[in-house]
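Written out below as structure tokens is the structure these notes cover.
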Amino acid sequence: MHPTPPAKLPSCNPTRSFWIDSSPDANPLADEGSQDPLPSEADVCIIGAGITGVGVAYHLIELLNDGSFSVTHPFSIVILEARDFCQMLFIGRNGGHLTPTAFPKFAQRQALFNTLEAIKSYELEQYTVSLLVKIIEENGWATDIDLVEGGHINILFTEKEAKNKCKDFDMARQAQLNLDGVEWLSKEEVEEEYGAPYSGFREPEYNVWPLKLVTKLYQYARAHTGKYASLSLHTRTPVTAVTHGTASTYTVVTNRGSISCSRVVHATNAYASYLLPFLAGPDGIIPTRGQVMATRASVGIDQIRIPSWSGKEGFVYWFPRPVTQDTEKPLIIIGGSRDATAPSYELYVDDDSETHPLVGKALREFLPPVFEGKYDPDSEPEMEWTGIMGYTKMGDPFVGPVADLLVANPDRDLYKKQYIAAGYASHGMTRAFGCADVIAQMILAEISNKEWKEPDWLPQRYLTWNRRVE
Ligand SMILES: Cc1cc2nc3c(=O)[nH]c(=O)nc-3n(C[C@H](O)[C@H](O)[C@H](O)COP(=O)(O)OP(=O)(O)OC[C@H]3O[C@@H](n4cnc5c(N)ncnc54)[C@H](O)[C@@H]3O)c2cc1C
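Everything in the sequence shown is counted per this note's numbering, starting at 1 for the first residue and increasing by one.
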């Protein structure tokens, strides 16, 4: 059997996504820094300008500003992005759900890992979402980024799904997981309120315009560099190699020149194995294509109501976009379905310039029979797109120093001051910003010769030293 080849750089003609292409002012940072000369030196080069890369910069600056760490000179942070800002991958192409999972999969995680690890899986998501919402509210961004609160309803289509979720809920309750906001809904309640003849349960959740959220986070970080840091972003600047420079520096090589730096962060998610080839294959990060569409309901929002949804064990997820009038027919963002329809589940597919016809068919056919009379089975979506997720065997990301993934690799030392946070599968909005916080803390602790303190909410299994890949 041939070893799996590393990921390629992202494709250059992606499908058009609602979040990027439906509004001319959605992406003000699209080509930020693409013409500016690259600095010759930096303290840290962050590769990838998604929520992880921007999140690491945000947290570094916040930690320096609040006095948690001090540096001897202004700390220079450079973000390098292969394409336009948030253009290519998840954040500009995802489903928009900011849903901290409340308890699903608890029993499985408890059996596979242990009770504490299972609990931390949910605590990390609660921490990350609460922090993001706090930042959004404190800065008055809610309207700008279309923050919608209203709960997420999981439809239970079969007895088996209902039984599994009840088991998860019982085990989670016994383990004293915080289950505030979880509400079970009978078939009659769901039918009366929303018109779908199935039982379900509600979890706390938000929806956002993901690209606008990451734009705000970058702009905030840039405006708050103060006297302790500097920050620049260079889009359309793919990193093609990271090599060892002199002493303890790295040379980050791009199509527009090289930067010498003392630390590197890989925030490249599905594409991590392009620069870290030992992450190719089933034990590393598997590029996996996801598909989403924007389709119009045939009745007003007054008959749809605002909550967000998922069903079929979470493999299809959808929510209506906010509207200005009650009678306006909302645009529904719906994604998923690859698990049930696409051969090979779209695993190892890293090309988002195309959609998959079978996944598209399943998504088109999903809503009309569930909510009878509210969706026209013959209507065509207004937009349909794909994006590439980074799957791992365990479904959880790798977080920490890259060197710790390796044991016998002769180049291990090359990776000592390189960090990674990547591999969130289809559920990254609720985890990436928290994992970025961990990376920022690790870097500043290392620079200040302080001991890194593990946050209470971080699952042990995310850490690179618990996740050797060779
Ligand atoms: C179709 C789809 C639907 C999804 N729906 C949801 C959802 O509703 N809720 C949810 O929580 N999660 C969802 N996700 C997952 C979520 O979007 C991701 O987990 C999250 O965006 C990951 O963020 P990131 O910053 O780590 O990676 P990304 O957003 O992928 O950013 C990585 C960046 O690195 C850049 N890059 C890669 N290689 C290089 C290189 N060599 N040089 C320079 N730059 C490089 C890329 O261009 C990219 O911009 C979805 C994902 C997809 C694809």
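Every residue, glycine too, gets a C-beta built ideally from N, C-alpha and C.
- Close CB contacts of Arg236 within its chain, under the 6 Å cut and outside five residues either way in sequence, are with Ser34 (chain order).
- Distances taken from the Cβ of Ser426 to the heavy atoms of ligand 1 include one shorter than 6 Å.
- A distance below 7 Å between beta-carbons, with the five flanking residues on each side excluded, links Ile145 to the following residues of its chain, in chain order: Ile136, Val208, Trp209, Lys212, Leu213 and Lys216.
- Look at Ala294 here: in three-state DSSP terms it is strand.
- Judged by their CB atoms, Gly400 and Leu463 are nearer to each other than the 7 Å cut-off.
- A contact between stretches requires three or more CB pairs, one per stretch, nearer than 8 Å, and the segment 318–327 fails this requirement with the segment 345–360.
- Phe201 is bridged by DSSP to Asn154 and Trp184.
- Along the segment 229–317, the alpha helix (DSSP H) occurs as fully enclosed runs of 4 or more residues at 272–275 and 301–304, listed in sequence order.
- Taking 7 Å as the cut-off, the Cβ atoms of Ala57 and Ala221 count as close.
- The three-state secondary structure of Pro357, taken from DSSP, is helix.
- For ligand 1, no non-hydrogen atom lies closer than 6 Å to the CB of Leu347.
- With a contact defined as Cβ atoms closer than 8 Å, Lys450 and Ser248 miss out at about 18 Å.
- It is roughly 22 Å from the alpha-carbon of Pro381 to the alpha-carbon of Ser426.
- Taking non-hydrogen atoms of ligand 1 into account, the C-beta of Pro10 is found less than 6 Å away from one of them.
- Distance from the CA of Met389 to the CA of Val190, rounded to the nearest whole angstrom, comes to 32 Å.
- The three-state secondary structure of Cys166, taken from DSSP, is helix.
- In this chain, the alpha helix (DSSP H) harbouring Met442 covers Ala432 to Ile447.
- In terms of Cβ geometry, Lys374 and Val299 form a close pair [threshold 7 Å].
- Looking from the CA of Asp326, the closest CA among Ser310, Ser344, Ala342 and Arg305 belongs to Arg305.
- Nearest in C-alpha terms to Val402, of all of Val242, Ile155, Ser40 and Leu98, is Val242.
- For Tyr274, the CB falls within less than 6 Å of some heavy atom of ligand 1.
- Taking a contact as a CB-CB distance under 8 Å, the pair Leu131 and Phe85 does not count as one, their CB atoms being some 22 Å apart.
- Of the heavy atoms belonging to ligand 1, at least one sits nearer than 6 Å to the Cβ of Asn269.
- Under the DSSP assignment, Ser426 falls outside any alpha helix (DSSP H); it carries neither an H nor an E label.
- About 35 Å separates the beta carbons of Ala118 and Glu81, which is beyond the 8 Å limit, so they are not a contact pair.
- Gly336 has its Cβ no nearer than 6 Å to any heavy atom of ligand 1.
- Annotated three-state conformation of Tyr375 is coil, per DSSP.
- Excluding the 5 residues flanking it on each side, Leu444 has same chain C-beta neighbours closer than 6 Å at Leu63 and Phe69, in chain order.
- For Gln219, the secondary structure class from DSSP, reduced to helix, strand or coil, is helix.
- Val399 sits in a strand when the DSSP states are folded into three classes.
- A residue is called buried once 16 or more other Cβ atoms fall within 10 Å of its Cβ, and Gly140, having fewer, is exposed.
- Taken through DSSP and simplified to helix, strand or coil, Thr52 comes out as helix.
- Sorting Val182, Thr240, Arg461 and Ser260 by C-alpha distance to the C-alpha of Arg83 places Thr240 at the top.
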